[in-house]
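Colleague:
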Amino acid sequence: MLYGFFYRYFVEPIKHNEGYNVVNTLVYAIILGIAVLLLYRMLKRMKIKVDERFFLALMPYIILGPLMRSITDVGLLPRTYLTVSPGAYFVIAGFAIASLFAVWKHLGPDERLYPIYRDFGWVLVGGLLFITVINWDKISVRWEYFKYFIPSLLVAEAFIWLLARKFELVRNNKVLFYTHFYDATTTFVGIQFFGFWEQHVLARTLMNLAGTPAVMYLEKLVVVTLVVYALDRLMTDEDPDLINFVKLTVFILGFGPGTRNLLVALLSG
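Here is the structure:
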């Protein structure tokens with residue numbers, strides 16, 4: 030019975046590309062929350078601060094996830110439980126954590142840790158780019174995507190720019206709002222103009238109710254506002270490193286899916 034439940038709600042959605050459901054969404058959200066707390070404690074023990082240096086060093090690993098997903102979706106990597114979400118993101122997270130630990134083990138919380146950790150990540154990104162280049166003849170690039178994406182993105186980000194001028198909460202967290210409106214734009218353009226579909230259960234439900242993928246912008250605005258309000262106004266006594274790490278996670282949850290959407294739409298013309 031337990032196996033049947035697991036197979037129905039966790040294996041079948043990956044096997045048949047059904048997207049997420051309520052059950053696996055809740056479980057993955059719980060796993061993500063636990064992982065954030067464990068990783069935060071690990072970084073504290075390693076005496077690594079969650080600051081701009083760490084963010085820049087982590088950037089190639091953040092890119093690695095959507096790049097791996099997208100080249101899997103267009104057929105350059107075999108579709109397995111480890112190359113599609115959420116398995117792909119577990120694999121990338123494992124690489125990122127193992128790489129960080131290996132560098133830290135040799136250097137400790139030294140300034141040299143950040144560029145070495147970053148460069149190893151870029152080597153992994155380079156490996157996936159190499160796979161893409163040598164298989165370029167198998168890819169058909171959909172250049173007309175930009176005809177819809179660029180104007181939509183400019184309008185969306187202009188809206189955030191206006192909000193940032195008026196509201197301090199948005200201004201102090203504008204990178205998160207810009208990133209999630211980028212994600213919303215890739216979803217809107219892909220569904221509205223190119224026939225893609227939404228994998229996430231909440232967004233899919235809202236689109237069915239509203240009758241338009243443009244509702245993604247409202248969803249992103251509400252969710253990100255609630256999260257940063259809780260972090261900046263209700264958790265002022267918490268460790269700044271924890272707040273920064275949660276915000277970093279929020280950034281990844283916008284940048285990763287958005288970049289995957291963008292690349293899949295471009296490379297599957």
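Under our numbering, the first residue of the sequence shown is numbered 30, with each subsequent residue one higher.
Note that beta-carbon positions come from the ideal geometry of N, C-alpha and C, so glycine has one too.
Quick caveat, the model's predicted, so the values are computed rather than measured.
Between which two residues does the alpha helix (DSSP H) harbouring V279 extend?
Modeller: In the sequence shown, residue 279 corresponds to position 250, counting from 1. Start and end: P269 to L296.
Colleague: Does the count of Cβ pairs from the stretch 251 to 260 and the stretch 189 to 207 closer than 8 Å reach three?
Modeller: The stretch 251 to 260, when compared against the stretch 189 to 207, does touch it at the 8 Å Cβ threshold.
Colleague: Taking 8 Å as the threshold, find out whether the stretch 172 to 192 comes into contact with the stretch 204 to 217 through three or more Cβ pairs.
Modeller: Output reads yes: the stretch 204 to 217 touches the stretch 172 to 192.
Colleague: Quick one: what's got a C-beta closer than 8 Å to L158's C-beta in the same chain, skipping five residues either side?
Modeller: Walking along the sequence shown from the start, residue 158 turns up at place 129. The answer, listed in chain order, is L96.
Colleague: Could you round the C-beta distance between V103 and L247 to whole angstroms and report it? I think they count as a contact, below 8 Å.
Modeller: The residue you call residue 103 lines up with position 74 of the sequence shown. The residue you call residue 247 lines up with position 218 of the sequence shown. Not confirmed; about 30 Å, so no contact.
Colleague: Suppose the cutoff is 8 Å on Cβ atoms and the five residues either side in sequence are ignored; what does the same chain contact list for G156 look like?
Modeller: For this step, residue 156 is matched to residue 127 along the sequence shown. Result list for G156: empty, nothing under 8 Å.
Colleague: For S114, name the three-state secondary structure that DSSP assigns.
Modeller: Within the sequence shown, the letter at position 85 stands for residue 114. DSSP places S114 in coil when its eight states are reduced to three.
Colleague: Let me confirm a value: Y90 is counted as buried when at least 16 other C-beta atoms fall within 10 Å, else exposed. Which label applies?
Modeller: As a position in the sequence shown, residue 90 is number 61, starting the count at 1. By the neighbour-count rule (16 or more Cβ atoms within 10 Å), Y90 is buried.
Colleague: Let me know if S181 comes out buried or exposed under the rule of 16 or more other beta-carbons within 10 Å of its beta-carbon.
Modeller: Reading the sequence shown from its first residue, position 152 is the one you call residue 181. Buried, by the Cβ-count rule.
Colleague: Between Y69 and D270, which are expected to be in contact by the criterion C-beta below 8 Å, what is the C-beta distance as a whole number of angstroms?
Modeller: Stepping through the sequence shown from its first residue, residue 69 is reached at position 40. Stepping through the sequence shown from its first residue, residue 270 is reached at position 241. 7 Å between Cβ atoms; contact.
Colleague: Looking at the secondary structure, which residues open and close the alpha helix (DSSP H) in which Y143 lies?
Modeller: If you number the sequence shown from 1, residue 143 lands on position 114. Looking at the DSSP string, the run of the alpha helix (DSSP H) that includes Y143 is L142 to I163.
Colleague: Please find out if some non-hydrogen atom of the ligand ADP comes closer than 6 Å to the beta-carbon of K203.
Modeller: Summarising the ligand content, the structure contains no ligands, and the ligand ADP is consequently not present.
Colleague: Along the chain, where does the alpha helix (DSSP H) that runs through V204 open and close?
Modeller: In the sequence shown, counting from the first residue as 1, residue 204 sits at position 175. V204 -> alpha helix (DSSP H) spans K203 to F223.
Colleague: If we count the other Cβ atoms within 10 Å of its Cβ and call it buried at 16 or more, is N237 buried or exposed?
Modeller: As a position in the sequence shown, residue 237 is number 208, starting the count at 1. Result: exposed.
Colleague: Where does Y32 land, buried or exposed, given buried means 16+ other C-beta within 10 angstroms?
Modeller: In the sequence shown, counting from the first residue as 1, residue 32 sits at position 3. So Y32 ends up on the exposed side.
Colleague: Would you decide whether K249 is buried or exposed? Buried here means 16 or more other CB atoms lie within 10 Å of its CB.
Modeller: Within the sequence shown, residue 249 is the residue found at index 220, counting from 1. Classification for K249: buried.
Colleague: Near Y258, what residues of its chain come up, given a Cβ to Cβ distance below 8 Å and the 5 sequence neighbours on each side ignored?
Modeller: Position 229 of the sequence shown, counted from the first residue, corresponds to residue 258. Answer for Y258: L198, listed in chain order.
Colleague: Under DSSP, the alpha helix (DSSP H) around L53 begins and ends at which residues?
Modeller: Looking up residue 53 in the sequence shown gives position 24. A quick correction: the sequence has Asn, not Leu, at residue 53. Counting along the chain, the alpha helix (DSSP H) containing N53 begins and ends at V51 to R74.
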